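Student: In UniProt numbering, the protein residues as written are 1 to 104. The beta carbon of each residue, even a glycine, is placed where N, CA and C say it ideally should be. Source: prediction; values computed, not measured.
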Amino acid sequence: MKRLLVLVAAAGALAGCGPVKSTSHLLDAEVQIQAARTAGAPKLAPYEWTAANLYIHKAREEVSYSDYQAGVDFAEKAARFAAEAREKAMANANGDDTSPSPNP
């Protein structure tokens with residue numbers, strides 16, 4: 001009987017990890033997106049900015065369906081794209097753009 005009780009308690013504790021982990025990743029991604037917005041990413045890094053916003057939207061959708069692992073995966077992708085957008089926007093704003101110009 002005690003083993004069954006311990007097993008049920010452990011399963012209950014593990015079931016609660018999904019929402020907490022996904023919420024943490026969503027918040028991290030949102031912070032990265034705000035940092036990218038502050039750096040001017042919507043104009044200076046539009047591809048990365050758009051990807052980050054689409055991934056955070058998809059992450060929220062998956063969490064709403066209780067698919068927490070997919071939500072975490074999409075939130076991590078959103079955070080990566082947002083960080084890349086911030087870095088690219090800061091580099092472009094400082095004139096450090098190493099990409100070739102469209103009109104040589």
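Taking A51 as the reference, which of A70, V63, Q69 and A83 has the closest Cα?
Tutor: The count along the sequence shown starts at 1 and reaches residue 51 at position 51. The candidate whose alpha carbon is nearest that of A51 is A83.
Student: Would you mind stating whether A89 and A29 have Cβ atoms separated by less than 8 Å?
Tutor: Taking the first residue of the sequence shown as 1, we reach residue 89 at position 89. Taking the first residue of the sequence shown as 1, we reach residue 29 at position 29. Taking 8 Å as the Cβ cut-off, A89 and A29 do not qualify as a contacting pair.
Student: According to DSSP, simplified to helix, strand and coil, what is G95?
Tutor: As a working note, residue 95 is residue 95 in the sequence shown. Reduced to three states, the DSSP call for G95 is coil.
Student: When we look at the beta-carbon of H25 and count the other beta-carbons within 10 Å, is it buried (16 or more) or exposed?
Tutor: In the sequence shown, counting from the first residue as 1, residue 25 sits at position 25. Burial call: buried.
Student: Which runs of the alpha helix (DSSP H), 4 residues or longer, sit entirely within the UniProt domain "DUF4398" (26 to 93)?
Tutor: Runs found: 41 to 44, 46 to 64 and 68 to 93.
Student: State the Cα-Cα distance for the pair A93 and A59, rounded to the nearest angstrom.
Tutor: On the sequence shown, position 93 is the one that residue 93 refers to. On the sequence shown, position 59 is the one that residue 59 refers to. Cα to Cα, the separation comes out at about 30 Å.
Student: Should A39 be labelled buried (16 or more other beta-carbon atoms within 10 Å of its own) or exposed?
Tutor: By one-based count along the sequence shown, residue 39 stands at place 39. Burial call: buried.
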